[in-house]
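Some notes on the structure that comes next.
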Amino acid sequence: MKIQLSEHFTYQKLLKFTAPSIAMMIFTSIYGVVDGFFVSNYVGKTSFAAVNFIMPFLQILGTAGFMLGTGGSALVAKTMGEGDKEKAKRLFSLFVYVTFLCGIVIGAVGIFCIRPIASLLGAEGEMLRGCMDYGRCILVALPFFMLQFEFQSFFVTAEKPQLGFFMTVASGVMNMILDALFMAVFEWGLIGAAAATAISQMAGGVLALVYFFRPNTSLLRLTKTEFDGRALLKASVNGSSELMTGISMSLVSMLYNMQLIKYAGEGGVAAYGVLMYVGMIFFSAFIGYSVGTAPVISFHYGAGNHGELKNLLKKSSVIIGAFSVGMLVLSELLAWPLSAVFVGYDEELMELTLRGFQIFSFSFLLAGVPIFGSSFFTALNNGLISAFISFLRTLVCQIAAVLIFPVFLGIDGIWISIVAAEFMAVLITVFFVFRMKEKYHYL
Numbered sequence: 099m100k101i102q103l104s105e106h107f108t109y110q111k112l113l114k115f116t117a118p119s120i121a122m123m124i125f126t127s128i129y130g131v132v133d134g135f136f137v138s139n140y141v142g143k144t145s146f147a148a149v150n151f152i153m154p155f156l157q158i159l160g161t162a163g164f165m166l167g168t169g170g171s172a173l174v175a176k177t178m179g180e181g182d183k184e185k186a187k188r189l190f191s192l193f194v195y196v197t198f199l200c201g202i203v204i205g206a207v208g209i210f211c212i213r214p215i216a217s218l219l220g221a222e223g224e225m226l227r228g229c230m231d232y233g234r235c236i237l238v239a240l241p242f243f244m245l246q247f248e249f250q251s252f253f254v255t256a257e258k259p260q261l262g263f264f265m266t267v268a269s270g271v272m273n274m275i276l277d278a279l280f281m282a283v284f285e286w287g288l289i290g291a292a293a294a295t296a297i298s299q300m301a302g303g304v305l306a307l308v309y310f311f312r313p314n315t316s317l318l319r320l321t322k323t324e325f326d327g328r329a330l331l332k333a334s335v336n337g338s339s340e341l342m343t344g345i346s347m348s349l350v351s352m353l354y355n356m357q358l359i360k361y362a363g364e365g366g367v368a369a370y371g372v373l374m375y376v377g378m379i380f381f382s383a384f385i386g387y388s389v390g391t392a393p394v395i396s397f398h399y400g401a402g403n404h405g406e407l408k409n410l411l412k413k414s415s416v417i418i419g420a421f422s423v424g425m426l427v428l429s430e431l432l433a434w435p436l437s438a439v440f441v442g443y444d445e446e447l448m449e450l451t452l453r454g455f456q457i458f459s460f461s462f463l464l465a466g467v468p469i470f471g472s473s474f475f476t477a478l479n480n481g482l483i484s485a486f487i488s489f490l491r492t493l494v495c496q497i498a499a500v501l502i503f504p505v506f507l508g509i510d511g512i513w514i515s516i517v518a519a520e521f522m523a524v525l526i527t528v529f530f531v532f533r534m535k536e537k538y539h540y541l
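In this note's numbering, the protein residues as written are 99 to 541.
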């Protein structure tokens, strides 16, 4: 039986409703992980470092889709909660069309800027060429990559999270197959990895567009629309935290790479890449849960159902806490086998990666609170607080930590700085949750 946004959510319903979103985000994160595995094992350490070096820049360019997806879905779900379904469809269509056009423009600019950006960050020689080859191929598919980010939120709002999951899995499996074909069989190297990802991203975006353009059984459909500057501004403000998160995390990753080049050379960048791959998958579970619950929170906020808001926050706190403990334990257990999969061919690099894992894993115990907290305020259409939490977590705290800790602790200080930044973000999030309880009546 289909679960509707308007229902009362038990633990079982909440987990069932959000499970497709969690799985969808995890499969999305697998794009980079699969590329990294094949590049590391079939092309080598320098190309693997190049992929990790340029990836933050590519992620920055794609975050506009996540911004309009999360911010727009909050506005669309709130509009549905208020009873205006036709307006919700028009807003949904506007956000999708604008995202695709932005993707074309941003992708074109990115293709021309990628060489000076990579060079400015410190890439040179073979590593610089790898950044350019991989990045330019990926940017051809940027409009579809942005749509994939956006549709992750809108499939949930349309009460079709399972369909969104299916489409993401289909494109993810395609990426894996093409990676194996292009790199292991055809031996196309770094270009093969980029082509596999670009093709799978295009397929995922096109499948979603076809579904929403045709008559369907969901709550949303792409229709004729009209320009609404206020709605776009509102959605952008609502989703600014997600934009801030994407940009900040990417900027911080660039800073981490610069610090790692300084303290550990290319090996440090490669080790950090392995940790980020695992972090992407684990953090995706928190993000997926947040994406899955956001339309429900927005709907009940729009309907003025304070009792259900209290219920959703209470149960989500318990679920996030359980996820956090489980991820810490799992990451410590999997540290050696995951390191061996990516860098087992280099003993020194393997040792560096394992040491990083032992410290970095503790960030999983903390990160779920600020990730969900930021999404919670986005769902309440309070983009300012949501963005503030994201800004402090992903930029201010991270930059301060990564600049200070390595001075005293060397390479270990870089891993410790990630954990310290998440701890500070938890304190900030808890402060805002209690600060705003009287306004939103969720406690």
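Yeah, the Cβ is synthetic: ideal placement off N, Cα and C, and Gly gets one too.
Proximity to residue i [Cα-Cα], best of the options
i, options, result
"proline 154", "Val174, Asp182, Ile236 and Leu166", "Ile236"
"serine 233", "Ala256, Leu463 and Ala294", "Note that residue 233 is glycine in the sequence shown, not serine. The candidate whose alpha carbon is nearest that of glycine 233 is Ala294."
"valine 196", "Val207, Met225 and Leu245", "Leu245"
"glutamate 105", "Arg491, Glu224, Gly270 and Leu410", "Leu410"
"glycine 201", "Gly402, Pro241, Pro214 and Met225", "Pro241"
"leucine 450", "Thr255, Thr323, Gly366 and Cys229", "Gly366"
"glycine 402", "Gly228, Met178 and Thr323", "Met178"
"leucine 493", "Ser473, Val505 and Val350", "Val350"
"methionine 551", "Tyr309, Met225, Gly287 and Cys229", "Residue 551 lies beyond the stretch modelled for the chain, which goes from 99 to 541, so this question has no answer here."
"leucine 464", "Val335, Phe384, Lys535 and Val141", "Phe384"
"aspartate 510", "Tyr361, Ala148, Ala477 and Thr255", "Tyr361"
"alanine 216", "Asn314, Val149, Phe243 and Phe247", "Val149"
"histidine 404", "Leu501, Leu478 and Gly471", "Leu478"
"isoleucine 152", "Leu199, Arg227 and Cys495", "Arg227"
Residue i burial status per 10 Å Cβ neighbour count (16 or more: buried)
i, result
"tyrosine 354", "buried"
"isoleucine 275", "exposed"
"glutamine 299", "buried"
"glutamate 285", "exposed"
"tyrosine 109", "exposed"
"proline 259", "buried"
"valine 376", "buried"
Neighbourhood of residue i by C-beta, 8 Å cutoff - its chain only, sequence neighbours within 5 removed
i, result
"valine 439", "Phe135"
"lysine 185", "Thr177"
"methionine 448", "Ser437, Ala438, Val441 and Gly442"
"glycine 400", "Ala175, Lys176, Thr177, Met178, Gly179 and Glu180"
Reduced DSSP secondary structure (H/G/I, E/B, other) of residue i
i, result
"asparagine 273", "helix"
"phenylalanine 247", "helix"
"alanine 256", "coil"
"tryptophan 286", "coil"
"aspartate 231", "helix"
"proline 393", "helix"
"asparagine 409", "helix"
"threonine 177", "helix"
"asparagine 150", "helix"
Same chain, Cβ closer than 7 Å to residue i, five either side skipped, listed in chain order
i, result
"alanine 333", "Leu166, Gly169, Gly170, Leu173 and Phe193"
"phenylalanine 146", "Gly134, Val137, Ser138, Ala368 and Gly371"
"leucine 103", "Ala175, Glu257, Pro393, Val394 and Phe397"
"alanine 499", "Ser515, Ala518 and Ala519"
"glutamate 430", "Ser459"
"valine 267", "Phe125"
"tyrosine 140", "Met281 and Ala282"
"isoleucine 497", "Val350 and Leu353"
Residue i versus residue j - alpha carbon distance
i, j, result
"serine 191", "leucine 507", "51 Å"
"leucine 219", "methionine 352", "7 Å"
"isoleucine 101", "glycine 390", "12 Å"
"valine 528", "leucine 426", "21 Å"
"phenylalanine 210", "glycine 337", "27 Å"
"lysine 114", "phenylalanine 503", "41 Å"
"phenylalanine 325", "leucine 331", "11 Å"
"methionine 225", "lysine 537", "52 Å"
"glycine 419", "phenylalanine 280", "41 Å"
"phenylalanine 253", "threonine 116", "11 Å"
"glutamate 446", "glutamine 250", "39 Å"
"methionine 230", "arginine 213", "6 Å"
"glutamate 222", "phenylalanine 532", "49 Å"
"threonine 321", "valine 335", "24 Å"
"isoleucine 457", "leucine 358", "16 Å"
"glycine 208", "serine 316", "35 Å"
"aspartate 182", "leucine 189", "11 Å"
"alanine 301", "glycine 287", "22 Å"
"isoleucine 128", "leucine 261", "18 Å"
"isoleucine 417", "methionine 374", "23 Å"
"arginine 328", "glycine 290", "43 Å"
"phenylalanine 380", "glutamate 406", "28 Å"
Spatial neighbours of residue i in its chain, beta-carbon cut-off 6 Å, leaving aside the 5 residues before and after
i, result
"alanine 121", "Phe263"
"phenylalanine 475", "Ile483 and Ser484"
"leucine 112", "Lys413"
"serine 461", "Ile516, Val517 and Glu520"
"serine 119", "Val254, Pro259, Gly386, Val389 and Gly390"
"methionine 123", "Ser382, Ile385 and Gly386"
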